[in-house]
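A.B. asks: I am attaching a structure below and will ask some questions about it afterwards.
Spelled out as structure tokens, the structure:
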């Protein structure tokens, strides 16, 4: 059983949601199932989609924003929601379903208590409603049944005809908020786990970057304050001094041909001018009464090289990053600068987590497509469009050069990995326009190309941004202190085989090695109340240890894990069906029915049962229920399904590969 579903996996999500609600309601009879359903919908509709991930901020959002917007109920009738949410969160933790990267249960409890004080007021304030709830509430006030489609259609016709009075100001505020928020957040692309050096090593790397040295040098030079010109620029004499002091590389009084062009303003020294603006942006200096002065309260930032570098990196996406401070630039460069605050984060997110350097040309082509989509311009002739496309590509290349100078990316040359060819061609999954696809295939087949990759410093900074935006950005090593069930659950859903192996090795090292740590992990699998989840947890565990097959053979006789171990051994080709005992075969069939119940629901089990001839089904279900399968809850749910939904007539057997009569099946195979 998963706790993460892509938006398109709607049927699978609904089946698991029903299972979770059913089990939670069985454990807490006083809990309103609608609250659990609403909480699961809230997390499924989020940017990251992790059902078990909760923080204090998410608790507050659910109680004071999401529920008032979506739950059509009077405040008095909804007063139980905070306490029911508290029960649901406790249930997630008690059953090993809570994401270990979320907040501790004590923090969630405290957040529920805090938000409860404002919950009823939030529910009563119509400005918090969604558009649909606004009209449902107005219909209820008039004694109408909002579940009657015909009644609601007539009501809305009356609204459009001006026959219904309502608070237009409130509706306008609701509609404006909906427009600004964009409604439900778009699900972000899942990120692969990344590995990073310790912060102490990253701080040492940041210490050696030119941008950190220059920012500190600038602030030291400012001292008690430096007078600026009437236009707010550095005085030219001061600028000349700083160019040498900070080694900015700006050229003063450049010679072009036989002529020397006198530098008229410090604004013409683009690197220095950009550095001063950056220092102002991150608030280590500011302008007061015509003087550039230090910001005393941010002195601590200057002492922390990693924090200082990160602050500088985060302040980068500005038009000046593209135009480089030039008073004149091509139109495409100016337009590209206008959207760099959107484009650059997307480019960095694309590079994030990639195990190999990416060809610059791929990013140039995709950025051009984004440029065309985002920027309106009159139809260009073919020659001009080609010039603009190449110009935007050159602009992006200059941005990469700037990022390389501050230590955010590395630029190298080499033969691109075949993975960057794999999605090209007319049948490629990306679906580039034909001309883009042709250019990419030609460029990537020509041999050596320029490659770009994030440095560890930038990887850390981008990860922090992703997390701040609510996205899941796993870090190898961050689960060393996690509970065993939380660890295995995350490895199943968000880690590759390689990163899962690394993460598990780190966890075992932090828990006394394999001798002490492995039993803790196996006990977590045994405790899992959901067999599909237990199977996945056991599978990821045996794949991450060197002797996984031997471990499964030992677990074949484990009371709780035996059916799962047998299932995995058979699936992996380590165990032949003919070698199973009758008891193992029956328990294996029960295991499959329980899995079907968990992922498909009672209807799927009933449908499978209906394909078995009635007389055979009655005997089979009796044997299955009496075989001693260890999942008592799952067997009880199967018994209820078997009892309520009788078998039909067989056409195709639902359990392909598993005989209902093991001895007869073996004789057939031997014959």
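In the numbering used here, the protein residues as written are 23 to 693.
Quick reminder that beta carbons are idealized off the backbone N, C-alpha and C, glycines included.
In terms of residues, what are the limits of the alpha helix (DSSP H) holding residue 432?
C.D. replies: First-last for residue 432: 431-436, but that is the beta strand (DSSP E), not the alpha helix (DSSP H).
A.B. asks: Which residues in the same chain as residue 366 place their Cβ atom closer than 8 Å to its Cβ, once the five residues preceding and following it in sequence are excluded?
C.D. replies: Around residue 366: 338, 339, 343 and 421.
A.B. asks: Confirm, please, whether the CB-CB distance from residue 613 to residue 586 is below 8 Å.
C.D. replies: Their beta carbons are under 8 Å apart, which means residue 586 touches residue 613 by this criterion.
A.B. asks: Determine, using beta-carbon pairs with one atom in the region 324-334 and one in the region 373-390, whether at least three such pairs fall under 8 Å.
C.D. replies: Flag = no, the region 324-334 and the region 373-390 do not touch.
A.B. asks: Specify the secondary structure class of residue 441 as computed by DSSP and reduced to three states.
C.D. replies: Residue state, collapsed to three classes: helix.
A.B. asks: Just to confirm my understanding: we take residue 496, look at its own chain, exclude 5 residues before and 5 after, and list those with CB closer than 6 Å. What are they?
C.D. replies: Excluding positions up to five away in sequence, the list reads 215 and 516.
A.B. asks: Take residue 554 and list the residues in its own chain whose beta-carbon comes closer than 7 Å to its own, dropping the five residues that flank it on each side.
C.D. replies: Cβ neighbours of residue 554 beyond the five flanking positions: 23, 617, 620 and 621.
A.B. asks: In whole angstroms, give me the CA-to-CA distance for residue 354 and residue 394.
C.D. replies: Straight-line Cα distance between these residues: approximately 11 Å.
A.B. asks: Where does the unbroken alpha helix (DSSP H) through residue 476 begin, and where does it stop?
C.D. replies: Looking at the DSSP string, residue 476 is not in any alpha helix (DSSP H); the run it does join, the beta strand (DSSP E), is 471-476.
A.B. asks: List in chain order: all unbroken alpha helix (DSSP H) runs of 4+ residues lying wholly within the region 556-612.
C.D. replies: Runs of the alpha helix (DSSP H) inside the region 556-612: 570-577 and 584-593.
A.B. asks: Using only the alpha-carbon positions, how far apart do residue 459 and residue 372 sit?
C.D. replies: Near 19 Å, if we compare the C-alpha coordinates of residue 372 and residue 459.
A.B. asks: Need the endpoints of the beta strand (DSSP E) that residue 537 sits in, please.
C.D. replies: Element bounds for residue 537: not the beta strand (DSSP E) but the alpha helix (DSSP H), 535-549.
A.B. asks: Who are residue 313's beta bridge partners in DSSP?
C.D. replies: Answer by DSSP bridge pairing, in chain order: 249 and 310.
A.B. asks: Tell me the DSSP bridge mates of residue 216?
C.D. replies: Answer is 497.
A.B. asks: Tell me which same chain residues have a C-beta within less than 6 Å of the C-beta of residue 660, skipping the five on either side of it?
C.D. replies: Same-chain partners within the cutoff: 615.
A.B. asks: Which one or two residues does DSSP pair with residue 281 in a beta bridge?
C.D. replies: Per DSSP, 278.
A.B. asks: Measuring alpha carbon to alpha carbon, tell me which residue in 126, 488 and 392 is nearest residue 212.
C.D. replies: Cα-wise, what sits closest to residue 212 is 488.
A.B. asks: May I ask you to report which of helix, strand or coil DSSP gives residue 776?
C.D. replies: Outside the shown range of the chain (23 to 693) lies residue 776, about which nothing can therefore be said.
A.B. asks: Pick helix, strand or coil for residue 55, following the three-state DSSP scheme.
C.D. replies: Of the three classes helix, strand and coil, the one that applies to residue 55 here is helix, per DSSP.
A.B. asks: Please name the residue, chosen from 664, 637 and 608, that lies closest to residue 651 on a Cα-to-Cα basis.
C.D. replies: For the residues 664, 637 and 608, the minimum Cα distance to residue 651 belongs to 608.
A.B. asks: Which residue or residues does DSSP assign as beta-bridge partners of residue 26?
C.D. replies: Answer is 72.
A.B. asks: Counting C-beta neighbours from all protein chains within 10 Å, is the total for residue 453 16 or more, i.e. buried, or is it exposed?
C.D. replies: So residue 453 counts as exposed.
A.B. asks: Quick check on this structure: which residue in 580, 658 and 72 has the alpha carbon closest to the alpha carbon of residue 493?
C.D. replies: Out of 580, 658 and 72, 72 has the C-alpha closest to the C-alpha of residue 493.
A.B. asks: Can the beta-carbon of residue 130 be found closer than 8 Å to that of residue 78?
C.D. replies: Contact flag set, yes.
A.B. asks: For residue 380, list the residues DSSP reports as bridge partners.
C.D. replies: Paired residues: 474.
A.B. asks: Under 8 Å: do the region 227-239 and the region 260-276 share three or more Cβ pairs, one atom per stretch?
C.D. replies: Counting Cβ pairs under 8 Å, three or more are found: they touch.
A.B. asks: What are the residues that DSSP puts in a beta bridge with residue 256?
C.D. replies: Its beta-bridge partners are 250.
A.B. asks: Going along the chain, which unbroken runs of the alpha helix (DSSP H) with 4 or more residues stay wholly within the region 166-244?
C.D. replies: The qualifying runs are 171-182, 190-203, 221-229 and 232-244.
A.B. asks: Assuming the contact rule is C-beta atoms closer than 8 Å, residue 380 and residue 466 should be a hit. Round their C-beta distance to whole Å, please.
C.D. replies: Wrong, their Cβ atoms sit about 11 Å apart, outside the cutoff.
A.B. asks: Closest by CA to residue 251, which one among 209, 307, 198 and 311?
C.D. replies: The candidate whose alpha carbon is nearest that of residue 251 is 311.
A.B. asks: Cα separation between residue 208 and residue 635?
C.D. replies: Their backbone Cα atoms lie some 47 Å apart in a straight line.
A.B. asks: For the candidate residues 307, 302, 299 and 262, whose alpha-carbon lies nearest to that of residue 245?
C.D. replies: The shortest Cα separation from residue 245 among 307, 302, 299 and 262 belongs to 307.
A.B. asks: Can you tell me which of 605, 653 and 663 puts its alpha carbon nearest to the alpha carbon of residue 631?
C.D. replies: Of the candidates 605, 653 and 663, the one whose C-alpha sits nearest the C-alpha of residue 631 is 663.
A.B. asks: Thinking C-beta only, is residue 76 closer than 8 Å to residue 140?
C.D. replies: Result no, Cβ atoms of residue 140 and residue 76 do not sit closer than 8 Å.
A.B. asks: By alpha-carbon positions, which one of 513, 336 and 38 ends up nearest to residue 16?
C.D. replies: For residue 16 there is no data in the structure shown, the boundaries of the chain being 23 and 693.
A.B. asks: Check this for me: beta carbons of residue 627 and residue 558, under 8 Å apart or not?
C.D. replies: Contact flag unset, no.
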